[in-house]
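Scroll down for the structure; my scribbles are underneath it.
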Amino acid sequence: MFFFHFDGVTLNPTTNNINAGVDMGELNNVDVILGVGGGSSIDVAKCISVGIMGDIAKNTFHLPDYANHGIVPTAKDVMDLLKNFRRRYPLHLSS
């Protein structure tokens, strides 16, 4: 089993970052893509998998057609949720 490390993910990645990952995946004939890290890393991993599968499906997906079509609203940042939870429900320890 071989592993390949793609470190081309940047904050606010572009289609160039994604296409570089797709090229690396196709060149090495990867079977599994594992995205580790925060939002950008996970999003790029998903886009790379779509790009690779698109070529397998005779170019069904063309990445620039799907990328950069505005902002998709997502859930708030996890840390913000935890901070709000802590403010609303303070921890009171009894001795």
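Under this note's numbering, think of the first position of the sequence shown as 34, with each following residue one higher. The C-beta atom is built at its ideal place from N, Cα and C for all residues, glycine as well. Remember, it's a predicted structure, so these values are computed and weren't measured experimentally.
If you ignore the 5 residues before and after Asn-50, its C-beta comes within less than 7 Å of the C-beta of Gly-41, Val-42, Thr-43, Val-77, all in its own chain and listed in chain order. Close CB contacts of Ile-75 within its chain, under the 7 Å cut and outside five residues either way in sequence, are with Gly-68 (chain order).
DSSP places Asp-64 in the coil class of the three-state scheme, outside both helix and strand. The three-state reading of DSSP puts Gly-70 in coil, since its state is none of H, G, I, E or B. For the pair Gly-54 and Met-34, the Cα-to-Cα distance works out to about 19 Å.
By the beta-carbon neighbour count (other beta carbons within 10 angstroms, threshold 16), Phe-36 is exposed. Gly-72 is classed as exposed because its beta carbon has fewer than 16 other beta carbons within 10 Å across all chains shown.
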